[in-house]
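Protein chains: 2
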Amino acid sequence: MKCVRCRARAEVQLRAHNAAYCRPCFLFVFRRQVERAIDSERMFTQGERLLVAVSGGKDSLALWDVLADLGYDTTGLYVGLGIGVYSDVSHAKVVAFAERRGLPVRVVTLEDEGGGLAVPTVAGLTRRVPCSACGTMKRHWFDTAAVEGGFDVLVTGHNLDDEAARLLGNVLRWQSDHLARQRPVLPATHPRFVRKVKPLFLTSEYETAVYAFMCGIDYIVEECPNAAGATQLLYKDLLNRLEAASPGSKLAFVKEFQRTGQPAFAAAPRESPNDCERCGMPAYGTLCAYCRLVEEVGRKAAARAGAPA
Amino acid sequence: MKCVRCRARAEVQLRAHNAAYCRPCFLFVFRRQVERAIDSERMFTQGERLLVAVSGGKDSLALWDVLADLGYDTTGLYVGLGIGVYSDVSHAKVVAFAERRGLPVRVVTLEDEGGGLAVPTVAGLTRRVPCSACGTMKRHWFDTAAVEGGFDVLVTGHNLDDEAARLLGNVLRWQSDHLARQRPVLPATHPRFVRKVKPLFLTSEYETAVYAFMCGIDYIVEECPNAAGATQLLYKDLLNRLEAASPGSKLAFVKEFQRTGQPAFAAAPRESPNDCERCGMPAYGTLCAYCRLVEEVGRKAAARAGAPA
């Protein structure tokens, strides 16, 4: 198989793009794909300060790598979720990457800064699915770090597979409010929200894995131990079967949604948020989702402490 | 396991409904489910004349059986597609069922009434996927038989699995015009169209199979030989995997689409159709889809006859 750009021996085949590339051409095309997503969706400009949420996984580190190469002003943000060894290893990977590239990184550890509320504690006390508690908590600390650090944009490493799985989940239950907000760029809708963008929304997990491998990026390979059995993984499996039978299906699903599907749902605008009475972040009600969660944890922890052993 | 209605020994479990039934209660609930779909979607009334499209498979025969039991004025319509033994066997099953129940049936054989245009010939000459050619041809002969026979309603046996697979396909490509028209009731939009309804749209394939078995309905078990490898079967397989992991998913997908998703797409009305210049049926252009297909077949057959051997 030959590289479709330079006819050298291809090292990677991308069936969804009906293409194959040698290593230098793949790296060129990968960076260009990210750049095009940023430009065509008007995600951000060179003058803006970007906070890049990094988990230690391949997607966010590959993205940070590309953004730094493209000359953007980036700072990494690592939120330590307190998920045992998984968190320790991913923390170390992020710090090592930042040091190697000479890039600044901020670390928020939930046990310390989140009032001792690590994900397993919160999930256990509230009996929520860990991924649900984790999502609420991560969003809160991402938003807080972005606004308090004076950043213009919060950048996340959600890739095509993540977006397709999320879209499938939203569609299977026809959650029109979620469908209305599933976009690669979410403008700041409140003084304490910054713009949120996903430059990898058209880049597959496979592509970021190849990029990270080719660039020698050392990332945490393990899935989060809480993710086992998560619905997102079922959706990803279904979409992978579809993709195997019909390459390009995922890309068409997400791309065509942005073009055709999403506008049908975006028509109904969401009410503008209030200020959370406790933390001042945006809230649909008196408290934001995070403060509601913290309150629930406090209530249940007190009940458990008071209950007979 | 016990019947959830009468506590007798259950014979069938329906995980999507979190229920199990003995034989009499299943038959009661099955008929009531069809009745409720007819009433809640205002599909038709007792005074109207129904043309029921029957393929010889379990869905359409089970539906015809229920409609006759409910006292509706039904006539069966069998369209012989000319797909070899499959068509011969399904024809015989339909005629036998009609005789046994003492119900009238109309038969249209494409080789005779369709100008010799059976599905394999058309698919071969036009190089279309057989299911695509077949769909266009069946729709044409269904519509023609309904309007020329003076019927009020055309009833088809599309079940929940069919509707979920079709919905998934429409969603994966975000075909908003198809999504706008995927409804259990399509009103007549032209003098030569009658209303089209799908009373089984919330009834699973499994339920119709159980009903047909319990009632001793003799149906053709084989899938159409052309369906092998069809995209619909891939979508059904994906949805079956989803259903196994999360029972009730298919029902929620189709039901919630009708409630929440569909209105978002139905907003943009379709232009009203013209009259086909050749056959007078509704057309978006000068010719209807069927007459365009027939014209293409004629052109290609002539080219083939004129080409050197």
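Taken in sequence, the protein lines are chains A and B.
The first sequence runs 0 to 308 under numbering that gives the first Met the number 0.
The second sequence runs 0 to 308 under numbering that gives the first Met the number 0.
Where a beta carbon is used, it is the ideal one built from N, C-alpha and C, also for glycine.
Is any heavy atom of the ligand ATP found at a distance shorter than 8 Å from the C-beta of Ala19 of chain A? The ligand ATP is not among the ligands present in this structure, which contains no ligands whatsoever.
Same chain, Cβ closer than 8 Å to Ala226 of chain A, neighbours up to 5 away in sequence not counted: Answer for Ala226 of chain A: Cys130, Leu232, listed in chain order.
Starting from Ala251 of chain B, find everything on chain A with Cβ-Cβ shorter than 9 Å and list it in chain order. Chain A residues near Ala251 of chain B: Leu171, Arg172, Trp173.
Does DSSP put Thr143 of chain B in a helix, a strand or coil? Collapsing the DSSP output to three states places Thr143 of chain B in a helix.
With distances taken between CB atoms, is the gap from Leu109 of chain B to Thr74 of chain B smaller than 9 Å? No, the Cβ-Cβ distance between Leu109 of chain B and Thr74 of chain B is not below 9 Å.
Proximity test, Cβ basis, 9 Å: Val296 of chain A and chain B: Output row for Val296 of chain A: interface = no.
Taking the alpha helix (DSSP H) that Gly305 of chain A falls in, what are its first and last residues? 288-305 is the span of the alpha helix (DSSP H), which, as asked, contains Gly305 of chain A.
What does the Cβ neighbour count give for Ala95 of chain A, buried or exposed, with the cut at 16 atoms within 10 Å? When all chains shown are included, Ala95 of chain A counts as exposed.
Would Ala117 of chain B and Leu80 of chain B qualify as a contact pair, given that the criterion is a beta-carbon distance under 9 Å? For the 9 Å CB-CB criterion, Ala117 of chain B and Leu80 of chain B form a contact.
CA-CA distance, Val220 of chain A and Leu76 of chain B? Computed Cα separation, rounded: 59 Å.
Hey, could you find the ends of the beta strand (DSSP E) Val106 of chain B is sitting in? Secondary structure note for Val106 of chain B: its beta strand (DSSP E) is the uninterrupted segment 104-108.
Specify the secondary structure class of Ala15 of chain A as computed by DSSP and reduced to three states. If DSSP states are grouped into helix, strand and coil, Ala15 of chain A belongs with the helices.
Taking just the CA atoms, how far does Pro224 of chain B sit from Ala18 of chain B? Going by C-alpha positions, Ala18 of chain B is about 34 Å away from Pro224 of chain B.
DSSP state of Asn239 of chain A, grouped into three classes? Asn239 of chain A carries a helical assignment under DSSP once its states are collapsed to helix, strand and coil.
Return the chain-ordered list of same chain residues with a C-beta closer than 6 Å to the C-beta of Ala52 of chain B, the five sequence neighbours on each side being excluded. These residues qualify, in order along the chain: Leu76, Phe141, Thr155.
Using a Cβ cut-off of 9 Å (strictly closer), state whether Ala308 of chain A contacts chain B. In this prediction, Ala308 of chain A has a pLDDT of 47, which is less than 50 and means its spatial position is unreliable; what the coordinates show is noted afterwards. Closer than 9 Å to the CB of Ala308 of chain A there is not a single CB belonging to chain B.
Interface partners of Gly75 of chain A on chain B, CB under 9 Å: What Gly75 of chain A touches in chain B: nothing, since even the nearest Cβ is about 35 Å away.
Taking 8 Å as the cut-off, does the region 279-296 of chain A touch the region 193-208 of chain A (at least 3 CB pairs, one atom from each stretch)? Segments in contact, no.
Would a check of beta-carbon distances place Ala263 of chain A closer than 9 Å to chain B? Interface residue, yes.
Going along chain B in order, which residues have a C-beta closer than 9 Å to the C-beta of Leu233 of chain A? Listed along the chain, the chain B residues whose CB falls inside 9 Å of the CB of Leu233 of chain A are Arg240, Leu241, Ala244, Ser245.
Looking at the strands, I want to know which residues DSSP matches up with Ala282 of chain A. According to DSSP, which records beta bridges pairwise, Ala282 of chain A is partnered with A:Asn273.
Beta strand (DSSP E) containing Tyr205 of chain A: first to last residue? Per DSSP, Tyr205 of chain A belongs to no beta strand (DSSP E); it is in the alpha helix (DSSP H), 204-213.
Burial state of Gln181 of chain A (16 or more Cβ within 10 Å): Gln181 of chain A should be labelled buried.
Does the CB of Glu270 of chain A have a neighbour CB from chain B at under 9 Å? Judged by the 9 Å Cβ criterion, Glu270 of chain A is not in contact with chain B.
DSSP beta-bridge partners for Thr73 of chain A? DSSP, once it has assigned bridges, lists A:Leu49 as partnering Thr73 of chain A.
Using only the alpha-carbon positions, how far apart do Ala187 of chain A and Ala265 of chain A sit? Distance between the alpha carbons of Ala187 of chain A and Ala265 of chain A is about 16 Å.
Sheet register partners of Val78 of chain B (DSSP bridge): Looking at the DSSP assignment, Val78 of chain B forms a beta bridge with B:Val107.
Rounded C-beta distance between Asp160 of chain A and Glu204 of chain A? I'm assuming under 8 Å. In this structure Asp160 of chain A is in contact with Glu204 of chain A, their Cβ atoms being roughly 4 Å apart against a cut-off of 8 Å.
Coarse secondary structure for Lys197 of chain B, derived from DSSP in three states: Secondary structure at Lys197 of chain B: coil, using DSSP grouped into helix, strand and coil.
Using a cut-off of 7 Å between C-beta atoms, extract the partners of Ser248 of chain B located in chain A. What Ser248 of chain B touches in chain A: Leu171.
When DSSP builds the beta bridges, which residues end up paired with Leu185 of chain A? For Leu185 of chain A, the beta-bridge partners assigned by DSSP are A:Lys195.
Alpha carbons only, please: which of B:Leu241, B:Leu26, B:Thr125 is nearest the one belonging to Ala301 of chain B? Nearest C-alpha to Ala301 of chain B among B:Leu241, B:Leu26, B:Thr125: B:Thr125.
Does the beta carbon of Leu237 of chain A come closer than 9 Å to any beta carbon on chain B? With 9 Å as the cut-off, Leu237 of chain A counts as an interface residue toward chain B.
Interface partners of Gly260 of chain B on chain A, CB under 8 Å: Correct list: Val170, Trp173, Ser175.
Start-to-end residues for the alpha helix (DSSP H) that takes in Leu178 of chain A: Taken as a continuous stretch (DSSP letters only), the alpha helix (DSSP H) holding Leu178 of chain A covers 175-180.
Considering Val88 of chain B, what are the terminal residues of the beta strand (DSSP E) in which it resides? Val88 of chain B -> not in any beta strand (DSSP E); alpha helix (DSSP H) instead, spanning 83-100.
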